[in-house]
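Data first, discussion second: the structure below is written as structure tokens.
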Amino acid sequence: MPQQVRGVVARSKGAPVELTDIVIPDPGPGEVVVKVAACGVCHTDLHYREGGINDEFPFLLGHEAAGTVESIGAGVDTVEVGDFVILNWRAVCGRCRACKRGRPQYCFDTFNATRKMTLTDGTELTPALGIGAFVEKTLVHAGQCTKVDPEADPAVVGLLGCGVMAGIGAAVNTGGVSRGDSVAVIGCGGVGDAAIAGAKLVGATPIIAVDRDDTKLEWARELGATHTVNAAETDPVAAIQELTGGFGADVVIEAVGRPETYEQAFYARDLAGTVVLVGVPTPDMRLEMPLIDFFSRGGALKSSWYGDCLPERDFPMLVELYRQGRLPLEKFVTERIGLDQVEQAFHTMHGGKVLRSVVVL
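Going by this note's numbering, 1045 is the number at position 35 of the sequence shown; the sequence numbering is gapless.
Here it is as structure tokens:
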């Protein structure tokens, strides 16, 4: 039988979100209903509310979530009722050209649930990133559920569902950071700090954090940065070069998504170094640089999609490292809030006062 639960909806562009009744259908073939335990408040949710993703309102927001499988549809054999899972937005299809070439982390045709969650009047909802988890229960495709250690704190490990995985993966998967590499991260919000944590995890040194906010730079130090640069006071390119023997960093990760910071990242890397773009630019942004510089500096320029992660491979491993005390994921949780505090969390996010607010149900 369909269920009625409470969830957070964005009805129109820029309007405050509202907590309202949501109808969750029974899971169809290949689908599951998950009882949500916790969900992080991500910038992507704010982008949805502001119409920055698409205009398919109303949106059911939330996607960085963990919870327990409550019911399953026909043909589901990857999870069972009672499993503790992290939700993901890369449920690989196994059939697209990326999957067939052995690169499922780039899957171009990921699965989502086909049955629709609705408002009580029947209006269909668009779930954020195919998940929609600012809600007591949500309907997703079974492939969007990754089973992990049930002893883990859902408010902490749920963040692997988006921002933290994006940052760690940008360093380790996309950037290929390894022991002894010099790394610079420009932009020290949740994603940038996760990249710093990932670089520390694999033994990079030095790890240079760049931001314009001293509070964020202090967070970066706590998560593994060996040096910090306040870009409001110091030329970050010159500072990174000075801290790397005059050469530049082996890997520079741009976690802002702006032309000026990407240009800084480009010139702050060593010859044949790597630049990773994980910050999300807006469609109107443009970059103008001398083409000869791209040729003469060599190396690699990469974009990182979801940290180039494979959830079934990466989530359990990272949860285990967290459980061992080797990956301080708990430091990303700044505050725990209720479903009725999501709108206020967006304002707090704008003020740069949190790494993550996490809704706990």
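Backbone N, C-alpha and C define an ideal beta-carbon position, used for all residues, glycine too.
Query raised in the report: Around the Cβ of glutamine 1014, are there at least 16 other Cβ atoms within 10 angstroms (buried) or fewer (exposed)?
Result: Taking the sequence shown and counting its residues from 1, the one referred to as residue 1014 is at position 4. Glutamine 1014 is exposed by the Cβ-count criterion.
Query - Test item: CB-CB of glycine 1140 and leucine 1070 under 8 Å - result: Taking the sequence shown and counting its residues from 1, the one referred to as residue 1140 is at position 130. Taking the sequence shown and counting its residues from 1, the one referred to as residue 1070 is at position 60. No; because the gap between Cβ atoms is not below 8 Å, this pair is not in contact.
Query raised in the report: How long is the line joining the alpha carbons of glycine 1309 and arginine 1268, rounded to whole angstroms?
Result: For the purposes of this step, residue 1309 is identified with residue 299 of the sequence shown, where counting begins at 1. For the purposes of this step, residue 1268 is identified with residue 258 of the sequence shown, where counting begins at 1. Approximately 21 Å, taken between the alpha carbons.
Query raised in the report: Below 8 Å between beta carbons: does that hold for glycine 1173 and cysteine 1052?
Result: Translated into positions along the sequence shown, residue 1173 becomes position 163. Translated into positions along the sequence shown, residue 1052 becomes position 42. The answer is yes: Cβ separation under 8 Å.
Query - Extent of the continuous alpha helix (DSSP H) to which arginine 1059 belongs - result: Working through the sequence shown from its first residue, we reach residue 1059 at position 49. Unbroken alpha helix (DSSP H) run through arginine 1059: 1053-1059.
Query raised in the report: Identify the residues that DSSP records as bridge partners of valine 1089: which are they?
Result: In the sequence shown, counting from the first residue as 1, residue 1089 sits at position 79. Valine 1089 is not bridged to any residue.
Query raised in the report: leucine 1328 lies in the beta strand (DSSP E); which residues open and close that run?
Result: Within the sequence shown, residue 1328 is the residue found at index 318, counting from 1. Counting along the chain, leucine 1328 falls outside any beta strand (DSSP E), though it belongs to the alpha helix (DSSP H) covering 1321-1333.
Report task. Per DSSP, which residues does alanine 1194 bridge with? Please list them. Result -> The count along the sequence shown starts at 1 and reaches residue 1194 at position 184. DSSP output for alanine 1194 lists Ile1218 and Val1262 as bridge partner(s).
Query raised in the report: Once you ignore the five residues that flank threonine 1078 on each side, which residues in its own chain have a CB closer than 6 Å to its CB?
Result: As a working mapping, residue 1078 is identified with position 68 in the sequence shown. Only Lys1045 and Phe1094 meet the Cβ criterion.
Query - Pair within 8 Å by beta-carbon distance, glycine 1378 and glycine 1168 - result: The structure shown does not extend to residue 1378, since the chain spans only 1011 to 1371, so no value can be given for it.
**Report entry** Whole-Å CB distance - aspartate 1350 paired with leucine 1129, under 8 Å assumed
**Finding:** Against the sequence shown, residue 1350 aligns to sequence position 340. Against the sequence shown, residue 1129 aligns to sequence position 119. With a Cβ gap of about 18 Å, aspartate 1350 and leucine 1129 do not count as contacting.
**Report entry** Rounded C-alpha distance that separates leucine 1365 from alanine 1194
**Finding:** Counted from its first residue, the sequence shown places residue 1365 at position 355. Counted from its first residue, the sequence shown places residue 1194 at position 184. Each residue's alpha carbon lies about 19 Å from the other.
Requested in this report: Could you tell me whether the Cβ atoms of serine 1313 and leucine 1287 are closer together than 8 Å?
Outcome: The residue labelled residue 1313 in the question sits at position 303 within the sequence shown. The residue labelled residue 1287 in the question sits at position 277 within the sequence shown. Cβ atoms of serine 1313 and leucine 1287: closer than 8 Å.
Report task. Quickly, what does DSSP pair leucine 1149 with across the bridge? List them, please. Result -> Your numbering for residue 1149 matches position 139 in the sequence shown. Residue pairing by DSSP places leucine 1149 opposite Val1043 in a beta bridge.
Query raised in the report: Apart from the five residues on each side of it in sequence, which residues of its chain come closer than 8 Å, Cβ to Cβ, to alanine 1230?
Result: Position 220 of the sequence shown, counted from the first residue, corresponds to residue 1230. Counting only Cβ-Cβ distances below 8 Å, and skipping sequence neighbours, we find Val1195, Cys1198, Gly1202, Asp1203, Ile1206, Ala1219, Asp1221 and Thr1238.
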